[in-house]
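Reading through the structure tokens given below for one structure.
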Amino acid sequence: MHYSLLAVLGAVRALADSAQIPVANSPAPAYDAAYASAPAAAGSFECVHPAYKAHLVSRSPLVIYLEDFITPAERALLLAQANASYVHSNVAVGNSSTTSAHRTSSSASLSASSVVSCIHARALSFQDFALSPAHLEPLQLVRYATGQHYHYHTDWFSAASHSGLSAGGNRASSFFGYVKVTPDVTGGGTNFPVVTPPRGDKWCRFIDCDEEWTSGTTFRPIEGNAVYWENLVEGPDGVQVGDHRTLHAGLPVTSGEKVGMNIWTRQAPLGDSVRQGL
């Protein structure tokens, strides 16, 4: 499946004129009492999609910045649902996954809930109104404490056992959202070293304009906002293959804490057993 046109159309729906852009392992975190009572409010949660804005960062590879994509209520409920369930983040190695010094954050995969379903529906409609929820991996929160990072990587799979259509195919697209950013955060940007940064001071709200032009594009961690990109590109034989230009990193958090959100869309539907095993 190729979602480029659909994603651009989604961006146009969200923003009428995108040309006028405003644009050593650490232990798992302890239980946070600040979110202990939030699940009680989940029963009264009403899914109301925000009037988020989409800003075109790059056409090839397709990268779109989403402003106000996650509401404050959704962020609080996501944090509550993930509370005390974080484990050390894994990385894919061949046909399996393992912990690595390249990724020192902690992650939590969230089960079905009203808020997860709401955000999944938003992610699907941005790409394709007809896309089935079965194409989505479980929503994942990832927590970066001071000193933690995720070294340069791509989200698409290189191993055939991971990317076969019988197993859901490859990761066609990614969303990375910012769920929590403490006021004292420094560092912690999301860097795409091969993506040329958009020009104009207006973008400095969202990207780090102090970096060298040759460093690519670094998105600032801003609560409620998200970055969307396509992971695959058409190869010489017409088959979708991993796009190396989507290389990116979660830069080290030098102070404070950041909690991000991963949404990955597969080329084909995932079976229940596969979803549970991710």
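Numbers -16 to -1, 1 to 262, taken from mature numbering (1 follows the signal peptide of the UniProt record, and there is no 0), label the letters of the sequence shown in order. Quick reminder that beta carbons are idealized off the backbone N, C-alpha and C, glycines included. The structure presented is a predicted model; accordingly, all values stated were derived computationally and were not measured.
Return the residue from the list the options that minimises the CA-CA distance to residue i.
i	options	result
S93	R229, T198 and M245	M245
E30	L61, L50, G171 and E51	L61
Y212	P45, A35, S91 and R59	P45
Y136	H86, E218, G173 and L120	H86
G240	F176, P253, V169 and Y36	V169
D139	Y162, V179 and S157	S157
F110	L231, E214 and R189	E214
F51	S42, Q224 and R189	For the record, residue 51 in the displayed sequence is Glu; it is not Phe. When each option's Cα is compared against that of E51, the closest is R189.
R183	P167, S42 and S97	S42
V225	D256, A143 and H232	A143
A151	R250, D112, F113 and T230	R250
L231	T180, Q65 and A105	T180
L108	H33, D227, P220 and L149	H33
L40	K186, G222 and T198	K186
Y70	P56, D221, T88 and G219	T88
S101	D256, E58 and T174	E58
T166	T174, T198 and A129	A129
A233	D221, T174 and T198	T174
So what's residue i in DSSP terms, helix, strand or just coil?
i	result
Q111	helix
T88	coil
V225	strand
A24	Unreliable positioning characterises A24 in this predicted model, as indicated by a pLDDT of 43, which lies under 50. The coordinate reading is nonetheless provided below. Helix at A24.
I48	strand
V77	Below a pLDDT of 50, predicted positions are generally treated as unreliable, and V77, at 48, falls in that range; no measurement from the model is reported.
Y15	Residue placement at Y15 is poorly supported in this model, since its pLDDT is 35, which falls under 50; the coordinates still yield a value, given next. Reduced to three states, the DSSP call for Y15 is coil.
Q251	coil
A96	coil
A143	coil
A232	Sequence inspection shows His at residue 232; the Ala mentioned does not correspond to that position. In the structure shown, H232 sits in a strand (DSSP, three-state: E or B).
D256	helix
V7	Reliability fails at V7, whose pLDDT of 29 lies under 50, so the model's placement of it is uncertain and the value that follows must be treated cautiously. V7: coil per DSSP, three-state reduction.
S101	helix
Are the CB atoms of residue i and residue j nearer to each other than 7 Å?
i	j	result
R155	W248	yes
T202	D194	no
residue 272	V237	This structure cannot settle anything about residue 272, because the visible part of the chain is limited to -16 through 262.
P205	K242	yes
S90	H72	yes
residue 263	F176	The structure shown has nothing for residue 263, since the chain only spans -16 to 262.
L254	A35	no
G200	V178	yes
G153	L235	no
E207	Y162	yes
I54	A38	no
A104	L120	The question names Ala, yet the displayed sequence has His at residue 104. In this structure, L120 lies closer than 7 Å to H104 by Cβ.
S28	Q65	no
L149	A252	yes
According to DSSP, residue i sits in a beta bridge with which residue or residues?
i	result
residue 276	It is not possible to answer for residue 276, since the shown part of the chain is limited to -16 through 262.
Y70	Partner(s): none; Y70 has no beta bridge.
H39	Y49
Y134	R87 and G234
S116	Answer by DSSP bridge pairing: none, since S116 is not bridged.
### Message
Going residue by residue through the stretch 153 to 223, where are the continuous beta strand (DSSP E) segments of at least 3 residues, counting only ones entirely within it?
### Response
For the stretch 153 to 223, the full-length beta strand (DSSP E) segments reaching 3 residues or more read 155 to 165, 174 to 176, 201 to 203, 210 to 214 and 216 to 218 along the chain.
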